[in-house]
Amino acid sequence: MKPEDAYAELRRFQIETAYYQSLGALASWDQRTYIPRKGHEHRARQFAALAQLLHRRRTSPRIGEWLDALEGASFLSDETAPEAVNVREWRRAYERSRRVPEELAVALAQAQSEGESAWEELRRLDDWKGFKPYLERLVALTREYAEAVGYETEAYDALLEDYEPGERAARLQEMFAVLGRDSQRLLEAVMGSPFQPPEGVLNRDYPLDAQVRVVREIVGRIGYDLEAGRIDPTTHPFELSVGPGDVRITTRYYPDYLGAALFGGIHEAGHAMYEQGLPAEHWGTPMGEAAGMGVHESQSRLWENAVGRSLGFWEHFYPLLQGSFDSLSGVSLASFHRAVNAVRPSLIRVEADELTYNLHIQVRFELELALFRGQLEVADLPEAWNAKYREYLGIEPKNYKDGVMQDVHWAAGLFGYFPTYTLGNVYAAELYRAASNALGDLEGRFARGQFAPLLNWLRENIHAHGRRYLPRRLIEQVTGREPSAKTLTAYLKEKFGNLYRI
Ligand code: ZN
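Heads up, the sequence shown is in my numbering, so the first residue is -4 and it goes up one at a time.
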């Protein structure tokens, strides 16, 4: 077979797989939004059947034959050309999938789906005892999975590879240690400052219908194409891409707290704008996919924090807010800006401020790492969780649901995912700095309602590349240097130094 023909057939096959996968994505959106309570069991079986189908396709010997025919093909010699990128990634995925026995792939998919559904119920009941067996099974199956796909140094690296290609546990451990120390030091200074933000500004009466309107308006104006997406309410906000022209987000609304809907909405819109900016002509191939979860999170955190919590942003949008909520009638722009940047150690990750957020992630990362290094048992997780919260944030939960059971990730078997949140913050700081250097005064533009220059810069420098480069290399390509947590620390020091006058 001629290499050109092999490529065309392989591409056709992979795109067909992507269509099946995107139907699964749609079912997953439904599972997390409007599914009736009694529908979960059937949905879990649907996912298991789909997982089996996808596994068979991903491990089909035909892929191996096409890849063999492509070995050494001259049109793949430029390693950054779309064809070469696709073949590289298809080969990597094929070799990984082939190492996972089908029964394991199916068992894992089912345990993940069941774990997530059980967690919904058990978390509400604060039932750790009921949840523990699900988690134990997930950890055991995930260990098997790591052994099956293989790794050079340690099992956790094999898990990272699914979320952040090329990343390593040892390097992350070092990054968290340094960033954690710097964050704790800055947190102490912030808490000791006499210039504290006004209390309770976001915890007033905020009618839900007005919140829905305002969030829609803001995410639309910063560049989320609502004709190619939709926003729905959910308990645990997420972004989900069905395909070109259909990239959905969710956020959560509380009648007495504005922050969740507002910043959750902007965050998910940041994810969605990345998906909407991926090259549609490459859909279904690696060139049309996000570079990794860390880069994905960098887009959401950049829009949520660097943009959405800046003074320039609110110079533009605060009139819309004041016109929509009576609760803000006596609150000045400066007070509001300080309120949305209030720092306070808290128990809940998704509500954490920009400074303490990475400490929440550090807790989870270190616990996961200990689990997969065999230094911690699932049964001992709650105690270890509480100890780390005491150490890093000076507080600890009084129950399980605000502690070890608060996130869906472990319930869904997503081990290795958490550190990508902090990588996202690290990358976001690097990108925001580079964009500021390239575009000049960004906040001045936000104040005039100009968000397109930043979005276009991201489109060109990040979105258009798909999976062309490994995450760290992609950032380096844009900024001209190896991404470092020091840039994030410098950004946080400057921002909170000004706000708290320290
Ligand atoms: Zn996110």
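Glycine included, every Cβ here is placed at the ideal spot set by N, Cα and C.
The alpha helix (DSSP H) that contains Asp0, what's its start and end? For Asp0, the enclosing alpha helix (DSSP H) starts and ends at -2 to 26.
Check the C-beta distance from Ala264 over to Val214 and give it rounded, since I have them as a contact under 8 angstroms. Right, their Cβ atoms sit about 4 angstroms apart.
Buried versus exposed call for Leu350 [16 or more other C-beta atoms within 10 Å across all chains shown]: It counts as buried.
Identify, in the order they occur along the chain, each residue of the same chain with its Cβ nearer than 6 angstroms to the Cβ of Ser92, setting aside the five sequence neighbours on each side. Beyond the five residues adjoining it in sequence on each side, Ser92 comes within less than 6 angstroms, by CB distance, of Arg53, Thr54 in the same chain, given in chain order.
Should the segment 270 to 278 be regarded as contacting the segment 421 to 428, the criterion being three or more beta carbon pairs within less than 8 angstroms? By the Cβ test, the segment 270 to 278 is not in contact with the segment 421 to 428, since fewer than three Cβ pairs between them sit closer than 8 angstroms.
With burial defined as no fewer than 16 other Cβ atoms inside 10 Å of the residue's Cβ, what is the status of Tyr89: buried or exposed? Tyr89 comes out buried.
Check: Tyr416 C-beta below 8 angstroms from any heavy atom of the ligand ZN: Checking every heavy atom of the ligand ZN against the Cβ of Tyr416, one is found closer than 8 angstroms.
Which term fits Phe70, buried or exposed, when burial requires 16 or more other beta carbons within 10 angstroms of its beta carbon? The residue in question, Phe70, is exposed, as its Cβ has fewer than 16 Cβ neighbours within 10 Å.
Between Ala68, Thr415, Trp405, Trp380, which has its C-alpha nearest Gly398's C-alpha? With distances taken between Cα atoms, Gly398 lies closest to Trp380.
Assign Asp227 to one of three DSSP states: helix, strand, or coil. Three-state DSSP puts Asp227 in a strand.
Along the alpha helix (DSSP H) that carries Ser108, what are the first and last residues, could you check? Segment 97 to 119, the alpha helix (DSSP H) holding Ser108.
To which residues of the same chain is Tyr248 closer than 8 angstroms at the C-beta, ignoring the five residues directly before and after it? Once the five neighbours on either side are set aside, the close Cβ partners of Tyr248 are Leu203, Gln206, Val207, Pro228, Ala255, Ala256.
Using alpha carbons as the reference points, say which of Gly279, Phe233, Gly34 lies closest to His404. Nearest option by C-alpha distance: Phe233.
Give a yes or no on whether the C-beta atoms belonging to Gly287 and Pro466 are separated by under 9 angstroms. Contact: yes.
List the whole-angstrom C-beta distance separating Pro(-2) from Ala68, where the pair is believed to meet the contact cut-off of C-beta under 8 angstroms. Contact flag correct, Cβ pair sits at about 4 angstroms.
With DSSP as the reference, please indicate the residues paired to Ile244 in a beta bridge. In DSSP, Ile244 forms a bridge with Ile226, Glu234.
Tell me the residue span of the alpha helix (DSSP H) that contains Gln47. Element bounds for Gln47: 35 to 53.
CA-to-CA distance, Gly325 to Ser293, given in whole angstroms: Rounded to whole angstroms, Ser293 to Gly325 spans 34 angstroms at the Cα level.
Provide the residue(s) that pair with Tyr252 in DSSP beta bridges, ordered along the chain. As computed with DSSP, Tyr252 is found in a beta bridge with Tyr249.
Below 9 angstroms between beta carbons: does that hold for Pro96 and Ala141? Between Pro96 and Ala141, the gap from beta carbon to beta carbon reaches 9 angstroms or more.
With distances taken Cα to Cα, identify the nearest neighbour of Leu487 among Tyr352, Leu366, Glu378, Gly195. That would be Tyr352, whose Cα lies nearest to the Cα of Leu487.
What do you get for Ala184, buried or exposed, if any count of 16 or more other CB atoms within 10 angstroms of its CB means buried? Classification for Ala184: exposed.
Report the residue from Glu361, Leu371, Glu78, Gly461 whose alpha carbon sits nearest the alpha carbon of Leu5. Measuring from the Cα of Leu5, the nearest candidate turns out to be Glu78.
Ile261 and Trp298: beta carbons closer than 9 angstroms? Yes, Cβ-Cβ distance for Ile261 and Trp298 is below 9 angstroms.
Distance cut 6 angstroms, beta-carbon to the ligand ZN heavy atom: residue list by chain order: Any residue whose Cβ sits closer than 6 angstroms to a heavy atom of the ligand ZN makes the list: His262, His266, Glu292, Ser295.
Where does Met400 fall in DSSP's three states? Looking at Met400 - three-state DSSP - the assignment turns out to be coil, as it is neither helix nor strand.
Spatial neighbours of Ile356 in its chain, beta-carbon cut-off 6 angstroms, leaving aside the 5 residues before and after: Excluding sequence positions up to five before and after Ile356, its CB lies within less than 6 angstroms of the CB of Phe413, Tyr416, Thr417, all in the same chain and listed in chain order.
Leaving out the 5 sequence neighbours to the left and right, which residues in its chain are closer than 6 angstroms to Leu133 when beta-carbon positions are compared? Contacts found: Ala106, Gly110, Gly408.
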